[in-house]
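The structure appears right after this line, and notes come after that.
Listed below in structure tokens is the structure:
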């Protein structure tokens, strides 16, 4: 299991199903072996999410940080500022004990799954 995954989907039900499969693959059936944090982009800043993902798990072997509607962090951004994004810095050196799941059902991403076929880091539910 990689330390970062992106889940795209046009159907919320299928996206939730893909998310549950990622969690099961990461921690198996032992929910106590992992700290799971779920946040929405409306309630947590990108800096907060990166801080959570960068920290070591507490009283468990792994940490899962799941971000709903992650596309909102990038609306209105110019390409020049992308390299200064907290996510860009995080992905240069991700925390190996953290599985960061970025979830989106944004219509702008419809059809992206076919472009990512075979990628080890991206899951889609179309």
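Residue numbers (my numbering): 2 to 127. Just so you know, even glycine gets a beta-carbon here, dropped at the ideal spot from N, CA and C.
Rounded to whole angstroms, how far is the Cβ of residue i from the Cβ of residue j, which I believe are closer than 8 Å?
i           : j          : result
residue 101 : residue 54 : 5 Å
residue 87  : residue 48 : 5 Å
Just reading off the beta strand (DSSP E) that residue i is part of, what are its end residues?
i           : result
residue 105 : 99 to 105
residue 67  : 63 to 69
residue 41  : 35 to 41
Tell me whether residue i is buried or exposed, calling it buried when 16 or more other Cβ atoms sit within 10 Å of its Cβ.
i          : result
residue 94 : exposed
residue 99 : buried
residue 22 : exposed
residue 44 : exposed
residue 39 : exposed
residue 85 : exposed
residue 71 : buried
residue 76 : exposed
Could you spell out the range, first to last residue, of the alpha helix (DSSP H) harbouring residue i?
i          : result
residue 13 : 13 to 28
residue 44 : Looking at the DSSP string, residue 44 is not in any alpha helix (DSSP H), and its letter there is neither H nor E.
residue 88 : 87 to 93
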